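Below is one structure; the comments refer to it alone.
There are 2 protein chains.
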Amino acid sequence: MIESKRASILQAALELFSRFGLHGTSLDQVATQADVSKTNLLYYFGNKEELYTNVLRQLLEVWLQPLQAFSVEQDPVEAIRDYLRVKLELSRDHPAESRLFCMEIMQGAPLLLGELQQPLHDLVENKVAVIQAWIDAGKLAPIAPHHLIFSLWATTQHYADFRVQVEAVAGKTLDDPAFFEETLKSLQSLILDGVRPR
Amino acid sequence: MIESKRASILQAALELFSRFGLHGTSLDQVATQADVSKTNLLYYFGNKEELYTNVLRQLLEVWLQPLQAFSVEQDPVEAIRDYLRVKLELSRDHPAESRLFCMEIMQGAPLLLGELQQPLHDLVENKVAVIQAWIDAGKLAPIAPHHLIFSLWATTQHYADFRVQVEAVAGKTLDDPAFFEETLKSLQSLILDGVRPR
DNA sequence: TCTGATTCAGACCAAATGGTCCACATCGCA
DNA sequence: TGCGATGTGGACCATTTGGTCTGAATCAGA
Chain A
1 MIESKRASIL QAALELFSRF GLHGTSLDQV ATQADVSKTN LLYYFGNKEE
51 LYTNVLRQLL EVWLQPLQAF SVEQDPVEAI RDYLRVKLEL SRDHPAESRL
101 FCMEIMQGAP LLLGELQQPL HDLVENKVAV IQAWIDAGKL APIAPHHLIF
151 SLWATTQHYA DFRVQVEAVA GKTLDDPAFF EETLKSLQSL ILDGVRPR
Chain B
1 MIESKRASIL QAALELFSRF GLHGTSLDQV ATQADVSKTN LLYYFGNKEE
51 LYTNVLRQLL EVWLQPLQAF SVEQDPVEAI RDYLRVKLEL SRDHPAESRL
101 FCMEIMQGAP LLLGELQQPL HDLVENKVAV IQAWIDAGKL APIAPHHLIF
151 SLWATTQHYA DFRVQVEAVA GKTLDDPAFF EETLKSLQSL ILDGVRPR
C-alpha cells in the first residue's frame with residue numbers, strides 16, 4: 001500500500017515533469033494526479049528536488065540497461081539489429097522516460113551529471129572497446145565507435161522525443177504496429193547498409 | 001538602437017529559455033542578462049508568452065532552411081553529405097536554438113504546432129518526393145524517405161542537445177575542430193554506407 | 001524652446017507555489 | 001487496552017514572479 005503510493009507519486013511526477021519540466025510542474029499538480037494531498041506527497045519526498053531526483057534515478061536504471069548487452073562474442077550485425085529494436089521499444093513504451101532524460105541532459109544535467117558521468121563513461125568505454133574489437137576482426141566497417149553509439153541513441157530516441165513532429169510529418173506514431181516495424185526496418189537498414197546503392 | 005535592444009532581449013531570452021525552459025526562466029533574469037529593466041522588457045514584449053513566441057518564431061526561420069536545398073537535380077550522395085555538414089554546423093554554432101526547438105517539440109509544441117504543422121508537413125512531403133525520385137532513378141538505396149530525414153535530423157541535433165552527454169562520454173564537443181570533422185566524417189560514412197563490411 | 005509622443009525605471013500588487021505546522025487518524029504491539 | 005510510530009490532510013506562511021501604475025527622462029518636430 002505505502003509502496004504503491006510512492007510508486008503512483010513517482011509515476012505522476014514522471015508524466016508531468018517529462019511534459020512540462022521541473023519548473024513547469026507544481027507539487028499541487030503532481031499530488032492531484034497521484035490522488036494524494038500535497039502534504040502527503042511531501043511526507044514521502046521531503047521536497048520537490050528530492051522527488052525529482054528520485055524520478056531521475058528510477059529512470060536511469062531502465063535507460064542504460066540495453067547497452068549492457070553488447071559483447072564481443074555476439075555477431076555485431078545481430079547485436080545492432082537487436083539493440084535498435086530494444087531501444088525503439090523503449091521509445092514506444094517509455095516515452096516519458098525518454099523525454100525527461102532528454103530534458104535533463106539538455107539543461108546540463110545539473111542534478112544527474114555527478115552520478116551519471118562516471119558510470120556512463122565507463123559503460124561506453126567498455127562498449128567502444130567491443131565495437132573496436134569487431135572492427136579489428138573485420139566484422140564491422142571501420143567507424144569511430146563513439147559516433148556509432150551516438151547515432152543508435154539519437155535515431156531511436158528521436159521517435160519518442162520528437163513524437164509530435166514525427167506525427168505532424170509522417171502522420172503516425174510508434175503506437176501503430178505497422179509504423180513501428182517500418183521504422184525499425186528502416187533504421188536497421190540505414191545503420192547497417194547506408195543509403196548509397198551498391 | 002531600438003532594434004538592437006529588441007535583439008539583445010531576444011538573444012538573452014533564447015539563451016535562458018533554451019537552458020532552463022519557459023517556466024524555469026524569470027523575466028527578471030532575461031532583463032538582467034539583456035541589461036534592461038524588466039519594465040523596459042515588458043515595453044517591447046507585452047508579456048512573457050509573447051516574448052517566448054517571438055523567440056520561437058525567429059528560431060524557426062533558421063531551423064528549416066537547410067532542408068530547402070534538396071532538389072532532384074543534385075547528386076543525392078553530395079546532397080546528403082552537404083546537408084549533414086550544414087546541420088552539424090548549426091548544432092555547433094546555434095546550440096541554443098537547437099535545444100529550445102527540441103524542448104518546445106518535446107512539450108508538444110503548444111505554441112508552435114499551429115503554425116509549424118502545415119509548412120513543415122508540406123516541406124517534408126516535397127523532400128520525400130525528391131528522395132523517392134532519387135531512389136526510383138537508382139541513385140539511392142530503397143529506404144523509406146521519412147526515416148532518412150528523421151535520421152539526418154536526429155543524428156546531427158544530438159550533438160547540440162546532448163552536448164553534456166557527448167562531452168561526458170567522448171570528452172570533446174563540436175567546438176573542437178578536429179572532433180567536428182571526425183563527427184562529420186563518421187556521420188557521412190554511416191548514413192551513406194552503413195557499418196556492415198562490404 | 002515648447003509640446004507631445006516615445007522610452008524607461010522604481011514602487012507596488014495579486015496570484016501561484018514550495019514548504020511548514022498542527023491536529024487527527026490508524027496501526028502494530030506490549 | 002494503551003501508546004508510540006507511521007500516515008494523512010487542512011490551514012497557513014513566505015517567497016517568487018508575472019504584470020501594472022505612476023511618473024520622469026528623452027527626443028522629434030513645430
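Chains as they are written, first to last, in UniProt numbering: chain A, 1 to 198; chain B, 1 to 198. All C-beta atoms, glycine included, are put in the ideal place defined by N, C-alpha and C. On a predicted model such as this, the values are computed, not experimentally measured, just so you know.
Could you tell me whether any Cβ in chain A is nearer than 7 Å to the Cβ of residue i?
{"i": "residue 75/B", "result": "no"}
{"i": "residue 177/B", "result": "no"}
{"i": "residue 130/B", "result": "no"}
{"i": "residue 105/B", "result": "yes"}
{"i": "residue 188/B", "result": "no"}
{"i": "residue 81/B", "result": "no"}
{"i": "residue 192/B", "result": "yes"}
{"i": "residue 99/B", "result": "yes"}
{"i": "residue 29/B", "result": "no"}
{"i": "residue 170/B", "result": "yes"}
{"i": "residue 124/B", "result": "yes"}
Is the CB of residue i under 7 Å away from at least one CB in chain B?
{"i": "residue 143/A", "result": "yes"}
{"i": "residue 17/A", "result": "no"}
{"i": "residue 26/A", "result": "no"}
{"i": "residue 36/A", "result": "no"}
{"i": "residue 91/A", "result": "no"}
{"i": "residue 95/A", "result": "no"}
{"i": "residue 21/A", "result": "yes"}
{"i": "residue 155/A", "result": "yes"}
{"i": "residue 65/A", "result": "no"}
{"i": "residue 62/A", "result": "no"}
{"i": "residue 114/A", "result": "no"}
{"i": "residue 151/A", "result": "yes"}
{"i": "residue 12/A", "result": "no"}
{"i": "residue 195/A", "result": "yes"}
{"i": "residue 57/A", "result": "no"}
{"i": "residue 161/A", "result": "yes"}
{"i": "residue 46/A", "result": "no"}
{"i": "residue 7/A", "result": "no"}
{"i": "residue 41/A", "result": "no"}
{"i": "residue 137/A", "result": "no"}
{"i": "residue 69/A", "result": "no"}
{"i": "residue 164/A", "result": "yes"}
{"i": "residue 140/A", "result": "yes"}
Excluding sequence positions up to five away, which residues of its chain have a Cβ less than 6 Å from the Cβ of residue i?
{"i": "residue 179/A", "result": "172"}
According to DSSP, is residue i part of a helix, a strand, or is it coil?
{"i": "residue 137/A", "result": "coil"}
{"i": "residue 105/A", "result": "helix"}
{"i": "residue 193/A", "result": "helix"}
{"i": "residue 25/B", "result": "coil"}
{"i": "residue 114/B", "result": "helix"}
{"i": "residue 144/A", "result": "coil"}
{"i": "residue 8/A", "result": "helix"}
{"i": "residue 71/A", "result": "coil"}
{"i": "residue 122/A", "result": "helix"}
{"i": "residue 36/A", "result": "coil"}
{"i": "residue 162/A", "result": "coil"}
{"i": "residue 45/A", "result": "coil"}
{"i": "residue 64/A", "result": "helix"}
{"i": "residue 173/A", "result": "coil"}
{"i": "residue 198/A", "result": "coil"}
How many whole angstroms separate the CB atoms of residue i and residue j, which I take to be in contact at a CB cut-off of 8 Å?
{"i": "residue 109/B", "j": "residue 18/B", "result": "At roughly 15 Å, the Cβ-Cβ gap does not stay under 8 Å, so residue 109/B and residue 18/B are not in contact."}
{"i": "residue 160/A", "j": "residue 158/B", "result": "About 13 Å; that fails the 8 Å criterion."}
{"i": "residue 198/A", "j": "residue 77/B", "result": "Contact flag wrong, Cβ pair sits at about 13 Å."}
{"i": "residue 64/B", "j": "residue 120/B", "result": "7 Å"}
Kindly list the residues whose CB is nearer than 8 Å to the CB of residue i, restricted to its own chain and excluding five residues on each side of it in sequence; keep chain order.
{"i": "residue 152/B", "result": "80, 83, 84, 87, 191"}
{"i": "residue 183/A", "result": "88, 159, 174"}
{"i": "residue 199/B", "result": "As shown, chain B starts at 1 and ends at 198. That puts residue 199/B outside it, with no answer to give."}
{"i": "residue 15/A", "result": "33, 96"}
{"i": "residue 48/B", "result": "22, 27"}
{"i": "residue 6/B", "result": "44"}
{"i": "residue 55/B", "result": "10, 13, 14, 17, 100"}
{"i": "residue 146/A", "result": "124, 128"}
Report all residues from its chain with a CB closer than 7 Å to the CB of residue i; omit the five preceding and five following residues, and keep chain order.
{"i": "residue 38/A", "result": "27, 28, 31"}
{"i": "residue 130/B", "result": "70, 71, 72"}
{"i": "residue 142/B", "result": "135"}
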